[in-house]
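J.: Numbering (the UniProt record's numbering), first residue to last: 1 to 1225.
Where is the CB? At the ideal position from N, CA and C, for every residue including glycine.
Just so you know, these numbers come straight off a predicted model, no measurement behind them.
I have a structure I would like to understand better, so I am pasting it below and will then ask my questions one at a time.
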């Protein structure tokens, strides 16, 4: 063959060039080589047996995923899956680390490729489908006769390939290994993908097939040991049951593989029964049973990790039998757990040293009745899965937390059970396992009840049954179980899982709204805020979101007060921004100092003309929000502070220097919107004190003209205009407000109330005075109506004198003149102000009718008839636009004006102008247009001539007539245009009309109007909060949340908050006081404070009980840290190992040295030493990264030194006649 031939000298196809090209840098060459190999295999030009011995092929296929871009991934995985079915291919892939490689790769590829990777890994972790006898024989011989050099080369290649790929991930995905063999994230990795190790992938495979431990058969003697132990556990003798638990934990769990107790669950079920007994007499037995279950969880986890470790994987499943034959689990007899003379084998199989009865056939096994297939099948069906066992343990232990005096053991058992669950089951699978659902839901309910119980007992939720000396125990139980719950419930935090258990929901809400727990464990609130159980509750989440916003506002209030007290008002722009964020929490804080500082700050900002416009605008909005606060106390204090600042700025001492800059401090109240809020809402406030203060503010402003310069006074009058309809409601000659306002409305020269400090007279404009007089003529005070009527007649007479026109007054027209706009009878007003449809007309006919009315050359009778017909048609608002397009409003005003005067100046005919016949229909048309068209109403309201014309017609018309009524209605529409708005459909229907004009109820109450327009409820646009009958933020538990946040915000660190005593109650905390219970809860939950205080307590302790109590509390803190799997931040530091770090920083040696150096002499000493040793064991568990060398060195010295007290306890033997033997000995 030539060099280019694809065949070898033996006539076989040579694929080595193709394998080499698989690693080429050019993608096209790689793809062609891959397709070539796949084509040859597909068309049987090559068989799998020809290529499975090519180790380089497998390496190149795995390296394929390192190229970028990486195409044909699916084809590569399918080829690997095909080759892995062959025994040689499987062996080669395993040897080069393909299991680890592919399990990592699975986390980085597209989800569509997961199934193909899973198929390859399934083949690698199972027996091969294709067995080549010759090849397997060669493989066996090769393994048997491989020299050391070959082994080194093989292992070196595998290690190099593994390291090469491992480094590729780790260089941009930082991770560490935790104590469970899982990878956890290091802070700072931006592109981190949380992938699991090959162990976790094995777990995925096992859980999908309901994986269980391999079945282990037992001899008769083994079953006898287990049965006898179970019988003694069920004994009514509590001492015997307790010692049986100790024997089980100390001996049998070490002698028997842990899975045996799941395969034969009678002992486990007995232990669970003992746990569920909550009588005081059985409490010791219950805690011993909890210890047994906790120990079994640890052994099961170790066995599971061993059984699923790929390094222990074998192609020969029978190897387990060979191993078991060498380490027999049989035993012939069981020594009594109460016997003190029997000696057990130290080899750890449960049998005695000299036992011969356990030696049987078949490698040391005696199968007996278990050899029967039906019996074994029944036993296997009855065994417990790991998940069921764990949930059974959780279900049994949770209720015990409510009755046991020392919850430490129970909490430890909960942690071990959950740790076993997490190791053995991927979270998203065990949680949704249908067999475990009832148990899981029961556990959730029990945990919810437990949390609620302890939160009530310690005061984290309001309760009357709080026992002071138990607060710490209950609070630390809440902390531990809350952390545990986050681990247990963690898989569901980001899933849309609907929980139906009310107790757990209540527990979630209680944890979420507790500020002390949030201060200590911020990660809990962060997790629960994403929990679908809570986020799907719209009502609760709305309340919680509002509570958090209020809490943040309260914290901002603390920062504002701190800055004002320390720095003053040097940085006004920054302070006003901070003040804006304080407004939301003001109704709950009611802080007088804060309100006073805020008003003074706003006043000073307005005093300086150089202040930025945006800052002034924000200040104005803040002031309006404070004056409109929904809380009466805050509103009352805000009005009072404004009044005090005004009086100080405009006090009479400034008259000697009217241009003083001090009066500029009043500018913050001289604003159109501010005055409107004071007049519209302050004067009418139901709180009498607020209303009186608002009245005082207006009176101070109106009575301070001599303290203001002309521009300032003119601005005040201009800003008062829009509020006059409200302000005139309170006109009374007996009050200062009424005197000042009447003086401003009087014609120039008649009143001194328009004279400013500059000596200029600056009254209201003539137009506004006219509207003010007319508005007063609707008041119920007849004296005021008569006075303003005189002003009106004086104005009209002056106009007649200027124009030399003679006005026509019918006889009797001036009778009861002060009742000009007071209509006593308006029974038909509802009918007159209701629209009616007239659809039989068209626009052309409407225009023709109007043209007839407007054309002066037409006969008067025709014009009158057309006007009357048009007045009827205008009851349908549909046709209004037609007339408004023709400027009908102007034309009608012209007709009304022409009808007032005689034909000529010299004509002295006693006949009244005949055009008066057009007045009534024209007024009605004009009133209808004004009622339904806002733009038309605004236009006419600003035309002084309209008021003059309407007033004259009212004077000409007889009392009780239609003209007088129409004029009064038009006056109402125009004079109250500033305070009117378009009513909603519901408001129009409620009032029996549909006109586009509505007034506040207070206006209708204070004025005597000619008709009843729709009423609208006045809404203050500057009120940030709505007034509710029962505000959940003023009730527990949210009120406690706000109270704690307010008090903690004053201090840099939570542990700096002083304890509350009768002599140090801070006056600033009266609304949200810091209570002694808050101090105690924070002290016992805060890691830094609690650990430090407990060590001090140990050094000062005078009894065994006090020391044991402090040791127990320290252990609770260390246990809580074991539940923290991530680097949570607390008090600016990592929550992980925080308790241990604080412990190491304290004087631990002084506190505990005496307990390690003193020999115990009593049972109390024994118990104390046992608790201390357990605590130190817990301290050093998982804390090697932070344990200092001096601590470990000292601990090794006191324990391992031959002459130390601890070591001597191990060598003490009972001597005859020595009755002073303690438990330690």
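Which residues does DSSP list as the beta-bridge partners of residue 1007?
T.: Reading the chain shown from its first residue, position 1007 is the one you call residue 1007. 779, per the DSSP bridge assignment.
J.: Our contact map puts residue 700 next to residue 646 with C-beta atoms below 8 Å; I'd like the distance itself, whole angstroms only.
T.: The count along the chain shown starts at 1 and reaches residue 700 at position 700. The count along the chain shown starts at 1 and reaches residue 646 at position 646. With a Cβ gap of about 5 Å, residue 700 and residue 646 count as contacting.
J.: Does the beta-carbon of residue 1000 have 16 or more other beta-carbons within 10 angstroms, so that it is buried, or is it exposed?
T.: Along the chain shown, read from residue 1 onward, the residue named residue 1000 stands at position 1000. Answer is buried; the Cβ neighbour count reaches 16.
J.: Please list the terminal residues of the continuous alpha helix (DSSP H) segment that includes residue 565.
T.: Position 565 of the chain shown, counting from 1, holds the residue named residue 565. Looking at the DSSP string, the run of the alpha helix (DSSP H) that includes residue 565 is 538 to 567.
J.: Are the region 557 to 570 and the region 509 to 523 touching, with three or more C-beta to C-beta distances below 8 Å?
T.: Cβ pair count under 8 Å is below three, so no.
J.: Is it right to say residue 412 is buried, meaning 16 or more other beta carbons lie within 10 angstroms of its own, or is it exposed?
T.: Here the question's residue 412 lines up with position 412 in the chain shown. Buried.
J.: Taking Cβ to Cβ, would you say residue 554 is nearer than 8 Å to residue 1042?
T.: On the chain shown, position 554 is the one that residue 554 refers to. On the chain shown, position 1042 is the one that residue 1042 refers to. Going by C-beta atoms, residue 554 is nearer than 8 Å to residue 1042.
J.: Please report the distance separating the alpha-carbon of residue 1208 from that of residue 1164.
T.: By one-based count along the chain shown, residue 1208 stands at place 1208. By one-based count along the chain shown, residue 1164 stands at place 1164. Looking at the two C-alpha atoms, the distance is approximately 19 Å.
J.: Assign residue 504 to one of three DSSP states: helix, strand, or coil.
T.: Counted from its first residue, the chain shown places residue 504 at position 504. Correct three-state label for residue 504: helix.
J.: Measuring alpha carbon to alpha carbon, tell me which of 738, 683, 751, 762 ends up nearest residue 715.
T.: Against the chain shown, residue 715 aligns to sequence position 715. For the residues 738, 683, 751, 762, the minimum Cα distance to residue 715 belongs to 762.
J.: Based on DSSP bridge pairs, tell me the residues matched to residue 884.
T.: In the chain shown, the residue the question calls residue 884 occupies position 884. DSSP output for residue 884 lists no bridge partner at all.
J.: Tell me the residue span of the alpha helix (DSSP H) that contains residue 1181.
T.: To locate residue 1181, count along the chain shown from 1; it is residue 1181. Looking at the DSSP string, residue 1181 is not in any alpha helix (DSSP H), and its letter there is neither H nor E.
J.: With 16 as the cutoff for other CB atoms within 10 Å, does residue 106 come out buried or exposed?
T.: Counting from 1 along the chain shown, the entry for residue 106 is found at position 106. When all chains shown are included, residue 106 counts as buried.
J.: Would you mind sorting residue 114 into buried or exposed? The rule is 16 or more other CB atoms within 10 Å of its CB.
T.: Your numbering for residue 114 matches position 114 in the chain shown. Per the 10 Å Cβ criterion, exposed.
J.: For my contact list, residue 406 and residue 1112 are in at a C-beta cut-off of 8 Å; report their separation, rounded to the angstrom.
T.: Here residue 406 corresponds to residue number 406 of the chain shown, with the count starting at 1. Here residue 1112 corresponds to residue number 1112 of the chain shown, with the count starting at 1. Contact flag correct, Cβ pair sits at about 6 Å.
J.: Report the rounded CA-to-CA distance for residue 374 versus residue 264, giving the unit in angstroms.
T.: Within the chain shown, numbered from 1, the residue matching residue 374 stands at position 374. Within the chain shown, numbered from 1, the residue matching residue 264 stands at position 264. Roughly 16 Å separates the two Cα atoms.
J.: Return the first residue and the last residue of the alpha helix (DSSP H) that residue 921 is part of.
T.: Along the chain shown, read from residue 1 onward, the residue named residue 921 stands at position 921. Its alpha helix (DSSP H) spans residues 919 to 932.
J.: Suppose you measure from the CA of residue 1206 to the CA of residue 541; what does that come to, to the nearest Å?
T.: Taking the chain shown and counting its residues from 1, the one referred to as residue 1206 is at position 1206. Taking the chain shown and counting its residues from 1, the one referred to as residue 541 is at position 541. If you take the alpha carbons of residue 1206 and residue 541, they lie about 56 Å apart.
J.: Determine the direct distance from the alpha carbon of residue 663 to that of residue 638, and round the result to whole angstroms.
T.: Sequence index remark: in the chain shown, residue 638 carries index 638 (1-based). Sequence index remark: in the chain shown, residue 663 carries index 663 (1-based). Cα-Cα distance, rounded: 20 Å.
J.: Out of 1142, 1115, 1193, state which residue places its alpha-carbon closest to the alpha-carbon of residue 472.
T.: The residue given as residue 472 occupies position 472 in the chain shown. Of 1142, 1115, 1193, the residue nearest in Cα terms is 1115.
J.: So for residue 877, helix, strand or coil by DSSP?
T.: As a working note, residue 877 is residue 877 in the chain shown. Residue state, collapsed to three classes: helix.
J.: Since I believe residue 1037 is in contact with residue 514 (beta carbons under 8 Å), could you give me their beta-carbon distance rounded to a whole number of angstroms?
T.: To locate residue 514, count along the chain shown from 1; it is residue 514. To locate residue 1037, count along the chain shown from 1; it is residue 1037. Rounded, the Cβ-Cβ distance is 7 Å, consistent with contact.
J.: Report all residues from its chain with a CB closer than 6 Å to the CB of residue 916; omit the five preceding and five following residues, and keep chain order.
T.: Your numbering for residue 916 matches position 916 in the chain shown. Within the same chain, residue 916 has close Cβ partners 899.
J.: Report all residues from its chain with a CB closer than 6 Å to the CB of residue 603; omit the five preceding and five following residues, and keep chain order.
T.: Reading the chain shown from its first residue, position 603 is the one you call residue 603. Taken in chain order, the residues that qualify are 645, 665, 668.
J.: Nearest-angstrom Cα distance between residue 389 and residue 1179?
T.: Your numbering for residue 389 matches position 389 in the chain shown. Your numbering for residue 1179 matches position 1179 in the chain shown. Cα-Cα distance, rounded: 28 Å.
J.: I'd like to know whether the C-beta atoms of residue 121 and residue 102 end up nearer to each other than 8 Å.
T.: Along the chain shown, read from residue 1 onward, the residue named residue 121 stands at position 121. Along the chain shown, read from residue 1 onward, the residue named residue 102 stands at position 102. Yes, Cβ-Cβ distance for residue 121 and residue 102 is below 8 Å.
J.: Within the same chain, show all residues whose beta-carbon is closer than 8 Å to that of residue 787, passing over the 5 residues directly before and after it, in chain order.
T.: Along the chain shown, read from residue 1 onward, the residue named residue 787 stands at position 787. Only 742, 776 meet the Cβ criterion.
J.: Identify the continuous alpha helix (DSSP H) that holds residue 669 and give its terminal residues.
T.: Here residue 669 is taken as the residue at index 669 of the chain shown, counted from 1. Here residue 669 belongs to no alpha helix (DSSP H), and DSSP marks it neither H nor E.
J.: If contacts are defined as beta-carbon pairs under 8 Å, then residue 770 and residue 795 qualify, I think. What distance do you get, rounded to the angstrom?
T.: Reading the chain shown from its first residue, position 770 is the one you call residue 770. Reading the chain shown from its first residue, position 795 is the one you call residue 795. Rounded, the Cβ-Cβ distance is 7 Å, consistent with contact.
J.: Report the rounded CA-to-CA distance for residue 1202 versus residue 1160, giving the unit in angstroms.
T.: Looking up residue 1202 in the chain shown gives position 1202. Looking up residue 1160 in the chain shown gives position 1160. Each residue's alpha carbon lies about 17 Å from the other.
J.: Hey, out of 1032, 921, 270, whose CA is closest to residue 871's CA?
T.: Against the chain shown, residue 871 aligns to sequence position 871. Comparing Cα positions, the closest option is 921.
J.: May I ask which residues mark the beginning and end of the alpha helix (DSSP H) holding residue 307?
T.: Reading the chain shown from its first residue, position 307 is the one you call residue 307. That run of the alpha helix (DSSP H) goes 283 to 307.
J.: Spatial neighbours of residue 748 within its chain, please: CB distance less than 8 Å, with the 5 preceding and 5 following residues excluded, ordered by chain position.
T.: On the chain shown, position 748 is the one that residue 748 refers to. Contacts found: 754, 761, 763.
J.: With a CB to CB cut of under 6 Å and the five nearest residues on each side skipped, what residues in its chain are close to residue 543?
T.: For the purposes of this step, residue 543 is taken as residue 543 along the chain shown, with counting starting at 1. Contacts found: 1032.
J.: Could you name the residues of the same chain whose beta carbon sits closer than 6 Å to that of residue 202, not counting the 5 residues immediately before and after it, in chain order?
T.: On the chain shown, position 202 is the one that residue 202 refers to. The predicted model places residue 202 with a pLDDT of 42, which falls under 50 and marks its position as unreliable; any figure quoted below should be read in that light. Counting only Cβ-Cβ distances below 6 Å, and skipping sequence neighbours, we find 308.
J.: Inspect the CB distances between the region 1098 to 1108 and the region 474 to 490 and report whether three or more fall short of 8 Å.
T.: Flag = no, the region 1098 to 1108 and the region 474 to 490 do not touch.
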